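Just below is one structure, and these are the notes that go with it.
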Amino acid sequence: MTAATHSPSFPSEAESADAVLLGLDPEQREVATTLRGPVCVLAGAGTGKTRAITHRIAYGVRSGVLQPASVLAVTFTNRAAGEMRGRLRALGAGGVQARTFHSAALRQLQYFWPRAVGGELPRLVERKIQLVAEAGARCRVRLDRNELRDVTGEIEWAKVTQTVPGDYPAAAHKAGREAPRDAAEIAQIYSAYEQLKRDRVMIDFEDVLLLTVGILQDRHDIAETIRAQYQHFVVDEYQDVSPLQQRLLELWLGDRDDLCVVGDASQTIYSFTGATPDHLLDFRNRHPQATVVKLVRDYRSTPQVVHLANGLLGQARGRAADHRLELVSQREPGPEPVYAEYADEPAEAEGVARRIRDLIKSGVPAGEIAVLFRINAQSEVYEQALADAGVPYQLRGAERFFERQEVRRAIAELRSAARFGANDPLLDDVVELPAQVRAVLSANGWTPQPPAGSGAVRDQWESLAALVRLAEDFARARREVTLADLVVELDERAAAQHAPTVQGVTLASLHAAKGLEWDAVFLVGLTDGMLPITYAKSDDQIEEERRLLYVGVTRARLHLTLSWALARSPGGRASRRPSRFLNGLRPGSLGGGPRSTGGAGGIERGARRRHRGPVLCRVCGKTLNDAGEMKLMRCEDCPSDMDEGLYERLRDWRAEQAKSLGQPAYCVFTDKTLMAIAEAAPSDGGELAMISGVGGRKLERFGADVLAICAGQEPGEADGGDA
Ligand code: ATP
Ligand code: MG
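At position 580 of the sequence shown (counting the first as 1) the number is 580 in the numbering used here, and the numbers step up by one without a gap.
Dropping the structure here:
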């Protein structure tokens with residue numbers, strides 16, 4: 001986006017404000033100029049929602065209607081907030097607060113805590129999962145890794161939906177939550193977890209919002225102070241607001257209604273955490289006098305990309321889908337989306353890396369390319385493939401240490417202090433190296449104790465603390481080292497790691513890609529099981545997965561590639577199918593779409609890899625060595641997508657077989673093979689034969705029974721016909 005420039009002729013305030021409106025279409029302009037009363041923008045991806053609200057704030061500030069300090073803009077991530085602050089500054093509206101709900105609440109809580117409660121704000125819980133494990137132990141419930149993660153998710157869900165432990169079982173049942181354990185047990189762990197926090201004087205991420213809400217509810221004086229400060233509220237990505245965030249927003253507003261919300265129900269991708277598009281869709285009911293604006297012009301993507309996005313939405317079901325808006329691309333036509341099928345995941349990653357290299361060669365900047373995946377564990381194989389192809393990349397949310405801004409800045413300070421030596425006023429009388437480092441970094445924000453809260457400040461502190469530790473270790477390992485020696489050491493370490501990337505390809509999860517855009521987007525790993533992910537079972541969960549794909553598709557401006565691999569690892573069983581969401585959209589799939597011609601829009605088939613590589617876990621991607629795990633094609637403790645009921649039926653059948661044959665059960669099938677069958681649920685002999693441990697003889701002997709059980713029939717009941 002081009003920043004609005006100030007005209008050198010010092011225009012009047014009104015002229016300068018009007019200049020902000022030039023880059024907007026009539027509907028966007030309506031959003032920008034309706035500065036009073038409730039405004040709701042319902043619009044699809046890439047239609048300029050974020051642009052409209054940024055320009056709205058800038059217009060309000062430049063026209064003198066809004067005081068910068070009285071505006072609070074709420075966005076979804078810290079990154080989006082930072083971006084918005086940058087855009088606002090460029091539009092001449094610096095000084096406006098743009099924050100996430102969490103960071104805005106934390107700031108208010110820190111400020112008002114001494115007055116509302118007294119003393120300092122309690123520390124923030126860092127390892128929540130560990131605390132939940134302890135709470136479980138107190139309740140004499142042992143949770144494995146996955147259960148622990150899921151129970152933690154349930155506690156978070158309960159808190160953002162403002163459900164107390166006692167109400168959890170009923171609420172979870174009503175919301176159709178798939179609780180990992182008995183609901184009463186979870187309620188007990190939840191209660192113990194809350195008690196543990198109280199005992200240790202700690203608060204968690206959700207408490208920050210809950211406590212702010214509590215203080216605003218109980219303390220009218222404090223609520224009034226905050227309301228006197230903020231008079232205008234703007235919320236981006238409103239479709240993913242949680243009930244707790246909504247409550248906070250209402251308390252900030254009080255009985256006023258200068259609120260502008262924008263969102264796209266079709267991009268609701270956080271309902272698993274308790275978020276809901278209902279607040280967006282019901283906005284008109286709550287505010288009958290609201291100005292509602294719909295935007296349909298898509299400025300981001302080509303007609304080809306938009307066509308696919310509309311096609312995806314056309315198949316969507318549910319409340320969000322009932323409010324879908326057909327997008328109309330405003331851009332020149334571009335290339336058709338490319339669908340690419342590969343034999344296995346490393347081949348897919350290699351193929352993607354090759355394409356990316358070609359794009360960069362053809363002039364697309366690396367920073368304008370993204371590879372998006374469903375779960376973070378998928379990133380590793382792409383990191384490797386891009387590194388092998390010599391393509392720079394950056395992982396969203398996980399920057400390399402020496403490339404972090406605060407680390408670079410700190411090293412620059414250390415370098416300068418080393419140069420000035422004893423003449424540096426910071427180092428007056430400080431002789432010992434670690435003490436010198438602490439003195440220099442104190443000026444950069446390092447403190448002996450970590451700051452309260454999580455988020456960016458905490459992350460920066462961690463980086464500086466790591467530098468301090470590094471200096472301490474360095475001084476301990478060698479005698480009489482100077483600051484200059486340390487700087488040389490740091491430079492060497494930085495050089496030994498990857499060369500700093502100025503601009504790299506972005507690797508990110510689909511969830512983290514929300515609101516962002518790139519010239520070229522690669523959506524990878526699009527198999528059934530990954531998207532929709534296996535644990536999405538209910539219709540609502542499946543619809544959320546579909547929206548996730550919609551979010552992915554609509555990130556692309558020009559080039560879009562969708563790919564999948566038929567097997568997890570080289571030489572593995574080609575048991576995977578492309579995502580069902582692409583049916584009818586990708587060439588050659590059921591329900592039409594262009595045929596596979598190999599030309600534009602056709603499916604490209606990646607070459608089968610020549611060498612047989614190691615067998616990788618199909619869940620986490622780790623190399624497998626254990627024979628049993630290789631048979632399962634996943635680590636024992638990685639989540640299984642097995643149909644438990646089917647497994648039980650197979651086991652019962654096996655016991656009977658073993659009895660009648662007078663042989664031990666494993667001679668029929670081993671546990672691992674049985675599990676693999678229950679995971680694959682084969683529908684014909686061909687699929688069954690692909691499973692490791694099912695040889696020709698076993699197929700002949702037991703195949704019909706096993707297939708019948710898999711088809712939900714009684715063994716021996718198979719009709720012999722072709723299923
Ligand atoms: P998302 O739903 O993905 O958050 P959005 O609706 O917020 O998308 P923006 O990010 O604001 O959309 O805009 C998408 C792209 O279109 C941006 O590059 C933006 O600069 C551009 N754009 C939006 N409106 C206009 C316009 N009126 N003229 C030119 N470009 C525009
Ligand atoms: Mg946006």
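Using N, Cα and C, we set each Cβ at its ideal position, and we do this for glycine too.
Every value quoted in this text rests on a predicted model; they were computed, and no experiment measured them.
Buried/exposed call for residue i, threshold 16 Cβ in 10 Å
i    : result
D207 : buried
L22  : exposed
F420 : exposed
L106 : buried
A17  : buried
A265 : buried
R610 : Because the pLDDT at R610 is just 37, under 50, the model does not fix this residue reliably, and the point stays unresolved.
Q67  : exposed
D705 : buried
P26  : exposed
E237 : buried
P165 : buried
R612 : Bear in mind that the predicted position of R612 carries a pLDDT of just 38, short of 50, making it too unreliable to give a figure here.
A19  : buried
C667 : exposed
E731 : Because the chain here runs from 1 to 723, residue 731 falls outside it and cannot be looked at.
H559 : buried
D358 : exposed
V125 : buried
P448 : exposed
P532 : buried
N310 : buried
Q228 : Note on residue identity: the sequence assigns Ala, not Gln, to residue 228. Label assigned to A228: exposed.
P38  : buried
S416 : exposed
R479 : exposed
Q97  : buried
G712 : exposed
D218 : exposed
Q195 : exposed
8 Å contact criterion, which residue i and residue j should meet: CB distance rounded
i    : j    : result
D641 : T534 : 4 Å
I269 : E544 : 6 Å
L507 : V553 : That pair is no contact at about 18 Å.
I53  : V262 : 6 Å
P333 : T302 : 6 Å
K128 : D199 : Contact flag wrong, Cβ pair sits at about 15 Å.
L414 : L483 : 6 Å
D344 : S569 : 6 Å
L35  : G60  : 5 Å
C139 : I189 : 5 Å
Beta strand (DSSP E) segment containing residue i, residue limits
i    : result
L281 : No beta strand (DSSP E) holds L281; the alpha helix (DSSP H) holding it covers D278 to L281.
Q394 : Y393 to L395
H232 : H232 to V235
V117 : Counting along the chain, V117 falls outside any beta strand (DSSP E), and DSSP gives it neither H nor E.
A275 : Unbroken run through A275: none, as it is neither H nor E.
A556 : A556 to A567
Boundaries (first-last residue) of the alpha helix (DSSP H) holding residue i
i    : result
L386 : S379 to D388
K174 : Y168 to K174
C710 : G696 to C710
C667 : A665 to V668
R415 : Q405 to F420
P434 : L433 to S442
Q195 : A183 to D199
N146 : R145 to V160
E30  : P26 to T33
M633 : Premise fails: M633 is in no alpha helix (DSSP H) and is neither H nor E.
Any non-hydrogen atom of the ligand FAD within 6 Å of residue i CB
i   : result
A45 : Within the structure as shown, the ligand FAD is missing, the only ligands being the ligand ATP and the ligand MG.
Pocket of the ligand MG (residues with CB nearer than 7 Å to any heavy atom), chain order:
K49, T50, D236, E237 and G515
Ignoring anything shorter than 3 residues or poking outside the stretch 325-368, list the beta strand (DSSP E) runs there in chain order.
338-344
Note down, one range per segment and in chain order, each alpha helix (DSSP H) of at least 4 residues found wholly within the stretch 35-108.
49-62 and 78-90
What are the complete beta strand (DSSP E) segments, minimum 3 residues, inside the stretch 488-554?
505-509 and 518-523
At which residue ranges does the stretch 239-325 contain complete alpha helix (DSSP H) runs of 4 or more residues, listed in the order of the chain?
243-253, 278-281, 283-286, 303-314 and 319-322
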